[in-house]
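Using our numbering, you'd call the opening residue of the sequence shown number 1 and step up by one each time.
From the three backbone atoms N, C-alpha and C, an ideal C-beta is built for every residue, glycine too.
Small disclaimer: the values here were computed from a predicted structure and weren't measured.
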Amino acid sequence: MVAYNFQARFADAVESGAKQQTIRAPRKDGRHAKVGDPLQLYTGMRTKACRKLRDAVCHDACTIHIMRDKVWTFKPQELHLNLDEFARLDGFAHWDEMRSWFEAAHGLPFQGVMIRWLVPSER
1 MVAYNFQARF ADAVESGAKQ QTIRAPRKDG RHAKVGDPLQ LYTGMRTKAC RKLRDAVCHD
61 ACTIHIMRDK VWTFKPQELH LNLDEFARLD GFAHWDEMRS WFEAAHGLPF QGVMIRWLVP
121 SER
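In structure tokens:
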């Protein structure tokens, strides 16, 4: 089981299923979710306000490069051409907002890991 924490601004999108991916900086230990891993998605971890948003299953984990004007993912290698749509999948309103957030938080160019998930169907 792999747990990921989300900022409050993304919590509703994760909980509703509108956001089905996350982009993370590399960890010092190199660990991130792998395909098939069960995921637990939270907001407010390590606080009294901790709330589980949903359970999911990792269906893709790959390296990502974010530059000022392009996004590359690898496995398979793909140049994402519709940057506004890509930003919306990650919980941002548009590419300019996503680029500004990554530039302020991590600096550009950014290299990290993109994890995408599926939500198990309820029976």
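Worksheet item: Between which two residues does the beta strand (DSSP E) harbouring residue 2 extend?
Response: The continuous beta strand (DSSP E) containing residue 2 extends over residues 2 to 6.
Discussion item. Assuming contact is defined by CB atoms lying nearer than 7 Å, are residue 108 and residue 57 in contact in what I supplied?
Written reply: Contact: no.
Item to complete: Check the C-beta distance from residue 6 over to residue 53 and give it rounded, since I have them as a contact under 8 Å.
Response: Confirmed, Cβ separation roughly 7 Å.
Item to complete: State the beta-bridge partners of residue 110 as determined by DSSP.
Response: Beta-bridge annotation (DSSP): residue 110 is paired with 66.
Discussion item. So residue 112 and residue 13 are supposed to be a Cβ contact under 8 Å. How far apart are they, rounded?
Written reply: 19 Å between Cβ atoms; not a contact.
Discussion item. Measuring only the C-alpha atoms, how far is residue 15 from residue 66?
Written reply: About 25 Å.
Item to complete: Drop a sphere of 10 angstroms on the beta-carbon of residue 104, count the other beta-carbons inside from all chains shown, and report buried for 16 or more, exposed for fewer.
Response: Result: exposed.
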